[in-house]
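Undergrad: Read in order, the letters of the sequence shown correspond to residues 1364 to 1694 in the working numbering.
In this text, a Cβ means the ideal position worked out from N, Cα and C, and glycines have one as well.
Keep in mind it's a predicted model, so treat the numbers as computed, not measured.
Would you mind keeping the following structure in view while I ask a few things?
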Amino acid sequence: MFFVTEACGDSQDRLERATETKQQVGFTMTSNLTLLTEDMAEFLAREKFHVMVSIDGDRESHDRHRVTVSGEGTYDTTVANLKLLVGKMRLHGTRLPKIRATMTAGNVDPVATEEHLRSLGTHLVEVGESHGTVNEQQDYDVGSKCEERMNSFNARIDSIIEQLEADPSVLPDVGNSLRKSLRKVHDEVTRKQAYSQARPTLCGVCRNMKAVTPEGDLFPCHRYVGMEAFKMGNIHTGGIQQDRVRDYYDALYTTYAEKCAPCWLRHLCGGQCPWYLSSEDGAISPPDDATCDDIRDGFEVLLGFYATLMSRFPEALASILGRPIPVEGKE
Ligand code: SF4
Ligand code: SF4
1364 MFFVTEACGD SQDRLERATE TKQQVGFTMT SNLTLLTEDM AEFLAREKFH
1414 VMVSIDGDRE SHDRHRVTVS GEGTYDTTVA NLKLLVGKMR LHGTRLPKIR
1464 ATMTAGNVDP VATEEHLRSL GTHLVEVGES HGTVNEQQDY DVGSKCEERM
1514 NSFNARIDSI IEQLEADPSV LPDVGNSLRK SLRKVHDEVT RKQAYSQARP
1564 TLCGVCRNMK AVTPEGDLFP CHRYVGMEAF KMGNIHTGGI QQDRVRDYYD
1614 ALYTTYAEKC APCWLRHLCG GQCPWYLSSE DGAISPPDDA TCDDIRDGFE
1664 VLLGFYATLM SRFPEALASI LGRPIPVEGK E
């Protein structure tokens, strides 16, 4: 199934064309919902849109950056409209909207952020961080080695283990982000075949996604839009230029191969965000040490947590993962 980001044009035309070519097409969009009307919510739910909603946390965290042109916070409007949309999605049996939070320097508690957002009507929540790029950081970016964020993560894990120790039959609520991370570790730990070299998995940039501007210019992903050195073609003048995609990937893999090959985390990490490493002039820098240390510290805690669950609470781990846990001596 293909999902078209930021649907534009006539969706009916696209769906007819998809039927002719035997493709399945879906639509995704990202919005702060501040201009949502009841009719729009009905349309999005009826047409099965996957909607990503930007909410950065509680009112204080969100309104710190998400304001109207006159400077007023948008939290109340966004949350009210999210509830309207959730109601319509439930009526139409459509996948609930997903909240995407971006933590900034004023809010670096991923656990509290996720817990708050999951109380707003949808369990689908993803928490990321504002990072700037390897060459340019802003005051509001979350710096690497952020102690508060790490403390919050450690406290969350301690609390889950304490809950399991008190009653292993009651499954603690681990949240989506932690579950996804544990699944990633589990898949790697239980993988049968070893990789021979560093294998950055990347994010699909310029491979299973591209960003298209209103003028038809193609970029590796939405974050690259406007960085002329990374323009990959134009849909009106020949489409994607495969040689530019190849050069882009060559540069990325060369960078990763040099930096990641000696790193113990190379099979789990997947490399840093390619956009984060890219400069306006087209250069791609190697992953920076501070961010790499941060990534490794986080994974060390996660691996310890996974090992504790595997050795002491395997049934809880299987339930959290939604996957069977291999039993020693059995295939
Ligand atoms: S932590 Fe850094 S060096 Fe290690 S695999 Fe990830 S990006 Fe590469
Ligand atoms: S390059 Fe970075 S910003 Fe772009 S899709 Fe990948 S992870 Fe996201």
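1. Could you spell out where the alpha helix (DSSP H) holding glycine 1661 opens and where it closes?
2. Note down, in chain order, each residue of its chain lying with its Cβ closer than 7 Å to the Cβ of valine 1471, except the 5 sequence neighbours on either side.
3. Compare the C-alpha of valine 1388 against each of Phe1412, Leu1407, Ser1394, Met1403 and name the closest.
4. Evaluate threonine 1400 with the Cβ neighbour count: other Cβ atoms within 10 Å of its Cβ, from every protein chain shown; 16 or more gives buried, anything less gives exposed.
5. Using a Cβ-Cβ cutoff of less than 7 Å, which residues in the same chain neighbour leucine 1527 once the five nearest sequence positions on both sides are dropped?
6. Quick check on DSSP: helix, strand or coil for histidine 1428?
7. Report the partner residues of valine 1568 according to the DSSP bridge assignment.
8. May I ask you to report which of helix, strand or coil DSSP gives leucine 1448?
9. Looking only at its chain, what residues have a beta carbon closer than 6 Å to the beta carbon of serine 1642, apart from the 5 residues adjacent to it on each side?
10. For histidine 1585, which residues of its own chain have a beta-carbon under 6 Å away from its beta-carbon, when the five flanking residues on both sides are left out?
11. Among the candidates Tyr1612, Thr1618, Ser1540, whose CA atom is the shortest distance from the CA of glutamate 1492?
12. Which residue or residues does DSSP assign as beta-bridge partners of threonine 1308?
13. Looking at the strands, I want to know which residues DSSP matches up with aspartate 1580.
14. By Cβ distance below 8 Å, which residues in the same chain neighbour leucine 1378 in space, the five residues on each side in sequence not counted?
15. Can you list, in chain order, the residues of its chain with a C-beta nearer than 6 Å to that of glycine 1645? Leave out the 5 residues immediately preceding and following it.
16. Measuring CA to CA, which of Ala1443, His1455, Val1568, Asp1580 is closest to proline 1637?
TA: The relevant details are as follows:
1. 1652-1675
2. Val1505, Cys1509, Glu1511, Arg1512
3. Comparing alpha-carbon positions, the option among Phe1412, Leu1407, Ser1394, Met1403 lying closest to valine 1388 turns out to be Phe1412.
4. exposed
5. Hits under 7 Å: Pro1535, Phe1676, Ala1679.
6. coil
7. Met1572
8. helix
9. Contacts found: Asn1498.
10. Ala1574
11. Of the candidates Tyr1612, Thr1618, Ser1540, the one whose C-alpha sits nearest the C-alpha of glutamate 1492 is Ser1540.
12. Because residue 1308 is not part of the residues shown, which for the chain are 1364 to 1694, the question remains open.
13. Its beta-bridge partners are Asn1597.
14. Val1388
15. Ala1592
16. Shortest Cα-Cα distance from proline 1637 to any of Ala1443, His1455, Val1568, Asp1580 involves Val1568.
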